[in-house]
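Under this note's numbering, the first residue of the sequence shown carries the number 14, and numbering increases by one thereafter.
We treat Cβ as the ideally placed atom computed from N, Cα and C, and that holds for glycine.
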Amino acid sequence: MAISIEAREYTYADIREVLRQMREAYPSLKQTAIGKSVMGREITALTLGGDAEYVLYAGAFHGMERLTCTLLLQFAAELAEMQKAGKDLGLPAGRGIILVPLVNPDGCEIALRGAPGCGCSAARICRLCAGDYRVWNANARGVDINHNFDAGWKQLQKLEQAAGIYGPSPTRYGGPRPESEPETIALTTLCRAQPIRQVLAIHSQGEVIYWDYGRSTPARSRAMAEALSKASGYALEEPEAIASMGGFKDWFIEEFGRPGFTVEIGRGVNPLPPADLPGIYQKVRRMLFLAALL
Numbered sequence: 014m015a016i017s018i019e020a021r022e023y024t025y026a027d028i029r030e031v032l033r034q035m036r037e038a039y040p041s042l043k044q045t046a047i048g049k050s051v052m053g054r055e056i057t058a059l060t061l062g063g064d065a066e067y068v069l070y071a072g073a074f075h076g077m078e079r080l081t082c083t084l085l086l087q088f089a090a091e092l093a094e095m096q097k098a099g100k101d102l103g104l105p106a107g108r109g110i111i112l113v114p115l116v117n118p119d120g121c122e123i124a125l126r127g128a129p130g131c132g133c134s135a136a137r138i139c140r141l142c143a144g145d146y147r148v149w150n151a152n153a154r155g156v157d158i159n160h161n162f163d164a165g166w167k168q169l170q171k172l173e174q175a176a177g178i179y180g181p182s183p184t185r186y187g188g189p190r191p192e193s194e195p196e197t198i199a200l201t202t203l204c205r206a207q208p209i210r211q212v213l214a215i216h217s218q219g220e221v222i223y224w225d226y227g228r229s230t231p232a233r234s235r236a237m238a239e240a241l242s243k244a245s246g247y248a249l250e251e252p253e254a255i256a257s258m259g260g261f262k263d264w265f266i267e268e269f270g271r272p273g274f275t276v277e278i279g280r281g282v283n284p285l286p287p288a289d290l291p292g293i294y295q296k297v298r299r300m301l302f303l304a305a306l307l
């Protein structure tokens, strides 16, 4: 039976149930625990095919961007259903796909469920967000995962401090050092262990694609970015100031010299409403498939 991903909010428990159903429905969709969050929630990678190289998609770095997890679950279900039906995904020989839909499970639970999602850290997190859990983007320690990668981290720290961010915060605090957080380590360890050809970090919102990281950017990235832009209608842009370093795609480009892309799905104010999912998926679906072929 095909797994249906609904246009609604998904708690961590809901996501675990979806993954359980996927294990039963799609034995070829391998599930691997690549780490655990600060609060012990599992971070799962879904792998389809491949033995020589992989294209990696990762989402839900931020609590307010949890729709990106739902989007990647829908993509995973469609890929697995196609393979189960014997349809050719068109992947080059030896290439596979890895999806990490929920990089920051704690942050998503905190932003969605409030105090019940915080566990024993509820009082501290409540103070940091002045009682408004809905604005929470960081992990359970108040570290922004997409500021915690070792790519211009020292310079980013200065920009954070110039913005008044010196410690744990709902957003934009890069932590005491690069890769200080288990969620960050889960991704960097995965990338160091597997032959990853390129990565797509899925965020929201803005309908834009960021593709470069200075001199480290490989020559083929521009043409790839233009192809992804054409497939989705999303504009190509360059991030500025505090958003221009410390992120996953920045680190991947600098560490490996391979293409990395940040895709900001949808338009509006985060968190994007779940009702937007069908329209967003329809718009980016071709781009997601294309990214696996380039």
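Host beta strand (DSSP E) of residue i (start-end)
{"i": "L80", "result": "Here L80 belongs to no beta strand (DSSP E); instead the alpha helix (DSSP H) covers 80–97."}
{"i": "R108", "result": "108–113"}
Bridge partner(s) assigned by DSSP for residue i
{"i": "V221", "result": "A248, E277"}
{"i": "V212", "result": "L69, G273"}
{"i": "Q44", "result": "L59"}
{"i": "K167", "result": "DSSP lists no partner for K167."}
{"i": "K49", "result": "E55"}
{"i": "V228", "result": "Inspection of the sequence shows that residue 228 is occupied by Arg rather than by Val. Answer is Y226."}
Span of the alpha helix (DSSP H), counted from its first residue to its last, around residue i
{"i": "V37", "result": "According to the sequence displayed, residue 37 carries Glu and not Val. Note, E37: alpha helix (DSSP H), 25–38."}
{"i": "L125", "result": "118–126"}
{"i": "F162", "result": "Element bounds for F162: n/a, residue is neither H nor E."}
{"i": "M300", "result": "290–306"}
{"i": "L285", "result": "Run containing L285: none; DSSP gives neither H nor E here."}
{"i": "A135", "result": "135–141"}
{"i": "P105", "result": "Segment: none, P105 is in no alpha helix (DSSP H) and carries neither H nor E."}
{"i": "E19", "result": "Where E19 is concerned, there is no enclosing alpha helix (DSSP H), given that its DSSP letter is neither H nor E."}
Cβ neighbours of residue i in the same chain (closer than 6 angstroms, five flanking residues each side left out)
{"i": "T45", "result": "A58"}
{"i": "A65", "result": "G107"}
{"i": "A214", "result": "A71, F261, K262, T275"}
{"i": "S134", "result": "A153"}
{"i": "R299", "result": "A244"}
Exposure label - residue i; buried when at least 16 CB within 10 Å
{"i": "A164", "result": "buried"}
{"i": "Q295", "result": "exposed"}
{"i": "Q211", "result": "buried"}
{"i": "Q170", "result": "buried"}
{"i": "L241", "result": "buried"}
{"i": "A248", "result": "exposed"}
{"i": "Q87", "result": "buried"}
{"i": "P129", "result": "exposed"}
{"i": "E251", "result": "exposed"}
{"i": "E325", "result": "Outside the shown range of the chain, which is 14 to 307, sits residue 325, and nothing can be said about it."}
The ligand PLP heavy atom lying under 8 angstroms from the CB of residue i
{"i": "A232", "result": "Among the components modelled here there is no ligand, and therefore nothing to report on the ligand PLP."}
Cβ neighbours of residue i in the same chain (closer than 7 angstroms, five flanking residues each side left out)
{"i": "E13", "result": "Beyond the ends of the chain as shown, which are 14 and 307, falls residue 13; an answer cannot be given."}
{"i": "K49", "result": "E55, I56, P195"}
{"i": "R21", "result": "P287"}
- Specify whether the segment 254–272 and the segment 201–213 touch according to this definition: at least 3 beta carbon pairs, one from each stretch, less than 8 angstroms apart. Taking 8 angstroms as the limit for Cβ pairs, the verdict is that the segment 201–213 does touch the segment 254–272.
- Is the number of C-beta pairs between the segment 108–122 and the segment 52–68 that are closer than 8 angstroms three or more? Using a C-beta cut-off of 8 angstroms, the segment 108–122 makes contact with the segment 52–68, since at least three inter-stretch Cβ pairs fall below that distance.
- Message: Within 8 angstroms, do at least three Cβ pairs link the segment 190–197 to the segment 33–43?
- Response: The segment 33–43 vs the segment 190–197: no contact.
- Message: Pairs of beta-carbons, one from the segment 63–77 and one from the segment 116–129, closer than 8 angstroms: are there three or more?
- Response: For the pair of segments examined, the segment 63–77 was found to touch the segment 116–129: the number of CB pairs separated by less than 8 angstroms reaches three.
- Would you check if the segment 80–98 and the segment 122–134 touch, i.e. whether three or more CB-CB distances between them fall below 8 angstroms? They do not touch, by the three-pair rule.
- Query: Between the segment 159–174 and the segment 125–140, are three or more C-beta pairs nearer than 8 angstroms?
  - Reply: With a cut-off of 8 angstroms, the segment 125–140 and the segment 159–174 do not count as touching, because too few Cβ pairs lie within range.
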